[in-house]
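Visitor: Sharing a structure below in structure tokens format, with a few things to ask.
2 protein chains.
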Amino acid sequence: MTIEDKSYKEKKVISIGIVSELTGLSVRQIRYYEERKLISPQRSTRGTRKYSFSDVEKLMEIANKREDGVQTAEILKDMRRREQALKGDNQLRNKMLEGQLNAHFKYRNR
Amino acid sequence: MTIEDKSYKEKKVISIGIVSELTGLSVRQIRYYEERKLISPQRSTRGTRKYSFSDVEKLMEIANKREDGVQTAEILKDMRRREQALKGDNQLRNKMLEGQLNAHFKYRNR
DNA sequence: CGTGTAAGGAATTCTGACACG
DNA sequence: CGTGTAAGGAATTCTGACACG
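Quick mapping for you: the protein sequence lines, in order, are chains D and Y.
Just so you know, we're using the UniProt record's numbering here: the first sequence kicks off at 1 and counts up by one.
Just so you know, we're using the UniProt record's numbering here: the second sequence kicks off at 1 and counts up by one.
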């Protein structure tokens, strides 16, 4: 995925009505999930909410979990956990790369 | 670019106001370029225009040409020409692939 | 030709609140 | 807790038209 493609996915340009159509969620539900910190749309100058494709996908996941009876507080925890896991992975990955780099220089310098 | 990334770029989800902000063009100009067949937004159920990121980029190119004094009719011709050229390229490419394939089987079958 | 603008109507979006459960 | 709804106001969008050049 190039930087440009990513910008399409992350750029906040979709109004709440379209998001509602795309996700099947009511406008009320979408606003409520924001209140519960599950999503963070951007605000336009005039104050209207703008969402990215990424937000839309997140909302679809939320919808699935809600259908399974998972509460928003639980969903939020899951999201935070997943972020932590990702962070941990990256730390591990960095450690390993560091190790390789060190080994490399060890051999080169003797 | 994966199929998914492409769908982000082509999906018509942006309202004309946002497109105006993104391109710097007035709403009037954007509607006029549609009248001149330079772009084709999708219509929502209610009749409002929906644009893709691809449309936005096209509009920025149009804006550049208009600044150079190029008329919309001319811009339309350029666009058609470019499409034809692309078509020609693909045809040539297909012919070449076909040739390679034929050569391949020739060798295999004797 | 390309773009601005006023006109009138319809649909959207926003917030805070009450309702129900 | 999660969602629907009526309320009132503000901003958007749409079309057809007139203006200017």
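Just so you know, even glycine gets a beta-carbon here, dropped at the ideal spot from N, CA and C.
1. Using the beta-carbon of each residue, which ones in chain Y are nearer than 8 Å to SER15 (chain D)?
2. When we look at the beta-carbon of ASP68 (chain D) and count the other beta-carbons within 10 Å, is it buried (16 or more) or exposed?
3. Between SER44 (chain Y) and the rest of its own chain, which residues show a CB-CB distance below 8 Å, the 5 nearest in sequence each way excluded?
4. Mind pulling the beta strand (DSSP E) runs of 3 or more residues that sit fully within the stretch 41-84 of chain Y?
5. Contact defined as beta carbons within less than 8 Å: I believe LEU59 (chain Y) pairs with ILE39 (chain Y). What is the distance between those atoms, to the nearest angstrom?
6. Counting pairs of Cβ atoms below 8 Å between the stretch 28-42 of chain D and the stretch 71-79 of chain D, do you hit three or more?
7. Is ASP55 (chain D) closer than 9 Å to ILE14 (chain D) when the C-beta atoms are compared?
8. Roughly how many angstroms lie between the CA atoms of ARG46 (chain D) and GLN84 (chain D), to the nearest whole one?
9. Over the uninterrupted alpha helix (DSSP H) stretch that includes LEU25 (chain D), give me the two end residues.
10. Give me the subset of the stretch 32-55 of chain D whose CB atoms are less than 7 Å from a CB atom of chain Y, sorted by chain position.
11. For ILE39 (chain D), which of helix, strand or coil comes out of DSSP?
12. May I ask you to list the residues that DSSP assigns as paired with SER15 (chain D)?
13. For ILE62 (chain D), which residues from the same chain have a beta carbon less than 7 Å from its beta carbon, with the 5 sequence-adjacent residues on both sides left out?
14. Taking only beta-carbon positions, decide if LYS58 (chain D) is within less than 9 Å of chain Y.
15. Does LEU25 (chain Y) have its Cβ less than 9 Å from a Cβ in chain D?
16. Could you tell me the distance, in whole angstroms, from the CA atom of LEU86 (chain Y) to the CA atom of ILE16 (chain Y)?
17. Between ARG110 (chain D) and MET96 (chain D), what straight-line distance do the alpha-carbon atoms span, to the nearest angstrom?
18. At a threshold of 8 Å, does GLY17 (chain Y) count as lining the ligand COA (C-beta to nearest heavy atom)?
19. In chain order, what residues of the same chain lie with their CB nearer than 8 Å to the CB of ARG28 (chain D), ignoring the 5 residues before and after it?
Guide: Taking the definition as stated:
1. SER15, ILE18
2. So ASP68 (chain D) ends up on the exposed side.
3. These residues qualify, in order along the chain: LYS50.
4. Those beta strand (DSSP E) runs which fall completely within the stretch 41-84 of chain Y and span 3+ residues are 49-51.
5. Contact flag correct, Cβ pair sits at about 7 Å.
6. Short answer: they touch.
7. yes
8. 35 Å
9. Careful: LEU25 (chain D) lies outside any alpha helix (DSSP H) and carries neither H nor E.
10. PHE53
11. Secondary structure at ILE39 (chain D): coil, using DSSP grouped into helix, strand and coil.
12. According to DSSP, which records beta bridges pairwise, SER15 (chain D) is partnered with D:LYS50.
13. TYR33, LEU38, ILE75
14. So, not an interface residue.
15. It does not: the Cβ of LEU25 (chain Y) has no partner Cβ on chain D nearer than 9 Å.
16. 29 Å
17. For ARG110 (chain D), the predicted model reports a pLDDT of 46, less than 50, meaning its position is unreliable and no value from the coordinates is stated.
18. For the ligand COA, the structure offers nothing, since it holds no ligand at all.
19. none
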